[in-house]
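Data first, discussion second: the structure below is written as structure tokens.
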Amino acid sequence: MERRATPRLTAYAGIAGVTLLAAVAVDRPELALLGLPFAVAVLVGLGLSREVEIGISFALTDSVAIEGDDVDLEVTVRSPTGVAWLEVHLDLPPAVGAPGGPGLVLSLGPGDRVTRSVTLHCARWGVHRPARAHLVAYDRMRLFVQRGRVASSAPLVVHPPAERLRELVRPARLQATAGSHISRLRGDGIEFAETRPFAPGDRLRSVNWRATARRDELWVNDRHPDRNADLVLLLDTFTEAGIGLDTTLDLAVEATIALATRHLGAHDRLGIVALGGVLRWVVPGLGTKQLQRIVEAVLVAEVVRSEADKTVDIIPVRGLPPRATIVALSPLIDPRSIGIIGELAARGFDVAVVECSPAPFTVPGKRPTEAVAHRLWLLERDAVRARLRSAGVALTTWERGTPLAAAMDELTTWRRRHRVVVR
Amino acid sequence: VRSRGAIVAAVAAIVLAAATAVVLAVAGEELRGLVAYLGGFATVMLGFAVVAGVPMLVAPAITTITVAAGVTVVLHHDVVRVDAVAAGIAIYLVAELAYRSLEGREPLRVDGAVLLAHIAPVLAISLGSAAAGVGLLAVATDAHGAGAGAEAIGLLAALGVVVVVAMLARGRPPTRG
Numbered sequence: 204m205e206r207r208a209t210p211r212l213t214a215y216a217g218i219a220g221v222t223l224l225a226a227v228a229v230d231r232p233e234l235a236l237l238g239l240p241f242a243v244a245v246l247v248g249l250g251l252s253r254e255v256e257i258g259i260s261f262a263l264t265d266s267v268a269i270e271g272d273d274v275d276l277e278v279t280v281r282s283p284t285g286v287a288w289l290e291v292h293l294d295l296p297p298a299v300g301a302p303g304g305p306g307l308v309l310s311l312g313p314g315d316r317v318t319r320s321v322t323l324h325c326a327r328w329g330v331h332r333p334a335r336a337h338l339v340a341y342d343r344m345r346l347f348v349q350r351g352r353v354a355s356s357a358p359l360v361v362h363p364p365a366e367r368l369r370e371l372v373r374p375a376r377l378q379a380t381a382g383s384h385i386s387r388l389r390g391d392g393i394e395f396a397e398t399r400p401f402a403p404g405d406r407l408r409s410v411n412w413r414a415t416a417r418r419d420e421l422w423v424n425d426r427h428p429d430r431n432a433d434l435v436l437l438l439d440t441f442t443e444a445g446i447g448l449d450t451t452l453d454l455a456v457e458a459t460i461a462l463a464t465r466h467l468g469a470h471d472r473l474g475i476v477a478l479g480g481v482l483r484w485v486v487p488g489l490g491t492k493q494l495q496r497i498v499e500a501v502l503v504a505e506v507v508r509s510e511a512d513k514t515v516d517i518i519p520v521r522g523l524p525p526r527a528t529i530v531a532l533s534p535l536i537d538p539r540s541i542g543i544i545g546e547l548a549a550r551g552f553d554v555a556v557v558e559c560s561p562a563p564f565t566v567p568g569k570r571p572t573e574a575v576a577h578r579l580w581l582l583e584r585d586a587v588r589a590r591l592r593s594a595g596v597a598l599t600t601w602e603r604g605t606p607l608a609a610a611m612d613e614l615t616t617w618r619r620r621h622r623v624v625v626r
Numbered sequence: 013v014r015s016r017g018a019i020v021a022a023v024a025a026i027v028l029a030a031a032t033a034v035v036l037a038v039a040g041e042e043l044r045g046l047v048a049y050l051g052g053f054a055t056v057m058l059g060f061a062v063v064a065g066v067p068m069l070v071a072p073a074i075t076t077i078t079v080a081a082g083v084t085v086v087l088h089h090d091v092v093r094v095d096a097v098a099a100g101i102a103i104y105l106v107a108e109l110a111y112r113s114l115e116g117r118e119p120l121r122v123d124g125a126v127l128l129a130h131i132a133p134v135l136a137i138s139l140g141s142a143a144a145g146v147g148l149l150a151v152a153t154d155a156h157g158a159g160a161g162a163e164a165i166g167l168l169a170a171l172g173v174v175v176v177v178a179m180l181a182r183g184r185p186p187t188r189g
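Sequence order for the protein chains is A and B. Residue numbering for the first sequence follows our numbering, starting at 204 and increasing by one per position. Residue numbering for the second sequence follows our numbering, starting at 13 and increasing by one per position.
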């Protein structure tokens, strides 16, 4: 900690010196009395002042929380020398608030150890380091101040609120391994497909004895096998729109975690590509550990401004396996992300888009020209949607305040209709 | 963002400075205009310092108000100004309040006991200075020992100057990273 004199020391010493000199010069002792309190304060302050030693540590009662939760941060201060006035200012990120104030004042005697608790409010998801602090220690007369910074402790991981999904995104193409999607092919499975005459190689357990008795020849049941799918979530981090801490990226992250939880629970292989100023990806995988990897990748997602022209070629090959279904979570604002979605569809990928709508975050404006501009912007967005749909992209719009499940139902309905049209 | 304590200290500093300036101006007699001007200027400067958050302006403001008090004291050649002790303490309190207001701008949770323990030295300095001042003044103006008293004050003044000069020459105190 750096120790230096406060402006008070120079001012008090100066006033004391000037008044004492004036008293001597004009031979009036009363002048010395004007500066006497300043002189006493300086002498006492210099006598009492000494460099202080401080040890500080932080501990979170919970290192993982859900958005909206309150977490206690315990601040423990030790001082072998004692400190008359110690201010602990917590440098909190905007996403973490302190309803009781982001700082506290302590006074410690020599060898004391004091623990105080600061309640933190987790206003937004992410990985935050709330325990970075700067310390200000004054001596008893505040003539000297010591300042220092304290490194952060363990991060606070804040998860977005969990959206529950019942429906899975229906992939157009399935993989060969077992899963929860009913394949349109015939094979071993649970879902009944149809009955047909026995053919050599059919298993005896497949024989439908009722149909066989009615037709006087062997008939067997055909079933749809249960297969899994490869899903890649494309998180658009090119840009975001929002008010305060509530942005379209929040919607995208909430949807990503909901989809990842649901699909990994259904034994799908799932990966993620965060496409924006900085490219991040997690190759598709299975299971709880994969969910953990995806959540960790999503929680550090942020919009990094970049003017670089990025195309689909920047996505690593391992991040986009063949026959994978791509679910893009995008506000459909940045032309680069719209272009990449269109290009993926043109390359034959099965693409679905969950549009995290920026419309509720925009206001038309009071002037007629602003209202017209807003309407034109909405029309442009409609045109983008129509263009993507015409390219075979399933698209649904999700807005704050509506359940994600409803948006996903819309997606499923659209895909079902679309398939009928294709046939 | 300003803490409630900082606002209270700022208002108290300005009010006390204004009150001191008014009292000094009233006592200023034939130089009332000059003293009132100095006191008013100091109060406005102090107000600007605490409102705009400029600690550098506090020292000139306090020095100006001290000069106004000095003028009032020197004005009366034949009378011993006992109220100089009170004026000194008032100016010291104005300076303390102004600096506290500037140092406590960020809202912080402070326990009442900690705050009281931190205010106590200021009050002790004020009371101690008052007692010492009255005592020194009595010694300095005693009819029998006036000469010795004045010499004691002079010696104390010289000692004070030496201490101040030594302290300023010492410059920045040793630091540790």
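Here a beta-carbon is modelled for each residue, glycine too, at the ideal position from N, C-alpha and C. Remember, it's a predicted structure, so these values are computed and weren't measured experimentally.
Inset, instruction - Over the uninterrupted beta strand (DSSP E) stretch that includes R350 (chain A), give me the two end residues. - result: Per DSSP, R350 (chain A) belongs to the beta strand (DSSP E) from F347 to V353.
Inset, instruction - Just tell me which of A:V372, A:L234 and A:R620 has its CA closest to the CA of V530 (chain A). - result: Distance from the Cα of V530 (chain A) is smallest, within the candidate group A:V372, A:L234 and A:R620, for A:V372.
Inset, instruction - Report yes or no: is there a C-beta of chain B within less than 7 Å of the C-beta of V624 (chain A)? - result: Because V624 (chain A) carries a pLDDT of 42, less than 50, the predicted location of this residue cannot be relied on, and no value is offered for it.
Inset, instruction - Measure the beta-carbon distance from V221 (chain A) to G248 (chain A) and round it to whole angstroms, keeping in mind my assumption that it falls under 8 Å. - result: That pair is no contact at about 18 Å.
Legend entry - Residues that DSSP places opposite A597 (chain A) in a beta bridge: DSSP output for A597 (chain A) lists A:A555 as bridge partner(s).
Legend entry - Extent of the continuous alpha helix (DSSP H) run through H466 (chain A): It spans T451 to G468 - the alpha helix (DSSP H) in which H466 (chain A) sits, taken as one unbroken run.
Legend entry - Reduced DSSP secondary structure (H/G/I, E/B, other) of E277 (chain A): Looking at E277 (chain A) - three-state DSSP - the assignment turns out to be strand.
Legend entry - Identity of the residue in A:V267, A:G314, A:A555 and A:A298 nearest S282 (chain A) by Cα: When only C-alpha atoms are compared, the closest one is A:G314.
Legend entry - DSSP-derived helix/strand/coil call for G10 (chain B): Missing from the structure shown is residue 10 (chain B); chain B here goes from 13 to 189 and no further.
Inset, instruction - From the DSSP output, in three-state form, read off E397 (chain A) for me. - result: Here E397 (chain A) sits in strand by DSSP.
Inset, instruction - Could you tell me whether the Cβ of G306 (chain A) comes closer than 7 Å to any Cβ of chain B? - result: Judged by the 7 Å Cβ criterion, G306 (chain A) is in contact with chain B.
Inset, instruction - Put V624 (chain A) into one of helix, strand or coil per three-state DSSP. - result: Below a pLDDT of 50, predicted positions are generally treated as unreliable, and V624 (chain A), at 42, falls in that range; the measurement from the model is reported next regardless. DSSP places V624 (chain A) in the helix class (H, G or I) of the three-state scheme.
Legend entry - Residue of A:V423, A:E270 and A:A594 minimising C-alpha distance to A549 (chain A): The shortest CA-to-CA distance from A549 (chain A) to any of A:V423, A:E270 and A:A594 is the one to A:A594.
Legend entry - Opening and closing residue of the beta strand (DSSP E) in which A25 (chain B) lies: Segment R16 to A39 is the alpha helix (DSSP H) holding A25 (chain B); no beta strand (DSSP E) there.
Inset, instruction - Tell me the start and end of each unbroken alpha helix (DSSP H) in the region 206-247 of chain A that is at least 4 residues and wholly inside, in chain order. - result: Counting only runs of 4 or more, we get 210-229.
Inset, instruction - Taking V85 (chain B) as the query, report the chain A residues whose CB atoms sit under 8 Å from its CB, ordered along the chain. - result: Chain A residues near V85 (chain B): R231, E233, L234 and L237.
Legend entry - CB contact check: G17 (chain B) to chain A, cutoff 7 Å: No, because no Cβ of chain A sits closer than 7 Å to the Cβ of G17 (chain B).
Inset, instruction - Quick one: grab the DSSP three-state call for A416 (chain A). - result: Helix.
Inset, instruction - Kindly give me the distance between the Cβ atoms of M344 (chain A) and I257 (chain A), rounded to whole angstroms, as I take these residues to be in contact under 8 Å. - result: Their Cβ separation, rounded to whole angstroms, is 19 Å, which puts M344 (chain A) and I257 (chain A) out of contact at 8 Å.
Legend entry - Closest by C-alpha distance to R406 (chain A), when choosing among A:E602, A:R426, A:E394 and A:A576: R406 (chain A) has its Cα closest to that of A:R426, out of A:E602, A:R426, A:E394 and A:A576.
Legend entry - Buried/exposed call for T187 (chain B), threshold 16 Cβ in 10 Å: Only weak support exists for where T187 (chain B) lies, its pLDDT of 39 falling under 50; the value from the coordinates is given anyway. T187 (chain B) is exposed by the Cβ-count criterion.
Inset, instruction - Using three-state DSSP, classify V13 (chain B) as helix, strand or coil. - result: Reliability of the predicted coordinates at V13 (chain B) is poor, the pLDDT of 48 falling under 50, and no value is obtained from them.
Inset, instruction - Evaluate the contact criterion for the region 104-115 of chain B versus the region 23-36 of chain B: three or more CB pairs, one atom per stretch, below 8 Å. - result: Contact holds: three or more Cβ-Cβ distances are below 8 Å.
Legend entry - Rounded C-alpha distance that separates H470 (chain A) from F552 (chain A): Distance from the CA atom of H470 (chain A) to the CA atom of F552 (chain A), rounded to whole angstroms, is 21 Å.
Inset, instruction - Please compile the residues from chain A whose C-beta is within a distance smaller than 7 Å of the C-beta of T32 (chain B). - result: Per Cβ cutoff of 7 Å: no residues; T32 (chain B) is ~11 Å from chain A at best.
Legend entry - Beta-carbon gap between L436 (chain A) and L478 (chain A) smaller than 7 Å: With contacts defined as CB atoms closer than 7 Å, L436 (chain A) and L478 (chain A) fail to qualify as a contacting pair.
Legend entry - Buried or exposed (CB count within 10 angstroms, at least 16 for buried), G40 (chain B): For G40 (chain B), the number of other beta carbons within 10 angstroms of its own is at least 16, and it is reported as buried.
Inset, instruction - Just the C-alpha distance for A81 (chain B) and G65 (chain B), rounded to the nearest angstrom, thanks. - result: About 25 Å.
Inset, instruction - Report buried or exposed for I541 (chain A), applying the criterion of at least 16 other Cβ atoms within 10 angstroms of its Cβ. - result: Buried, since its Cβ has 16 or more Cβ neighbours within 10 Å.
Inset, instruction - Spell out whether any CB of chain B is found under 7 Å from the CB atom of I652 (chain A). - result: Because chain A in this structure spans residues 204 to 626, residue 652 (chain A) falls outside the shown range and cannot be described.
Legend entry - Unbroken beta strand (DSSP E) run spanning S260 (chain A), endpoints: That run of the beta strand (DSSP E) goes G258 to L263.
Inset, instruction - Only counting runs of 3 or more residues, tell me where the beta strand (DSSP E) segments fall wholly within the region 503-564 of chain A, in order along the chain. - result: Runs found: 528-533 and 553-559.
Inset, instruction - Rank A:R327, A:W484 and A:P400 by C-alpha distance to the C-alpha of A414 (chain A) and give the top, closest one. - result: Checked all of A:R327, A:W484 and A:P400; the closest Cα to A414 (chain A) is A:P400.
Inset, instruction - Could you tell me whether the Cβ of A71 (chain B) comes closer than 7 Å to any Cβ of chain A? - result: When Cβ-Cβ separations below 7 Å define contact, A71 (chain B) makes contact with chain A.
Inset, instruction - Measuring only between beta-carbons, confirm whether T55 (chain B) sits less than 7 Å from chain A. - result: It does not; no Cβ of chain A falls within 7 Å.
Inset, instruction - Given a cut-off of 7 Å, decide if L212 (chain A) and L307 (chain A) are closer than it, judged by their beta-carbon atoms. - result: In terms of Cβ geometry, L307 (chain A) and L212 (chain A) do not form a close pair [threshold 7 Å].
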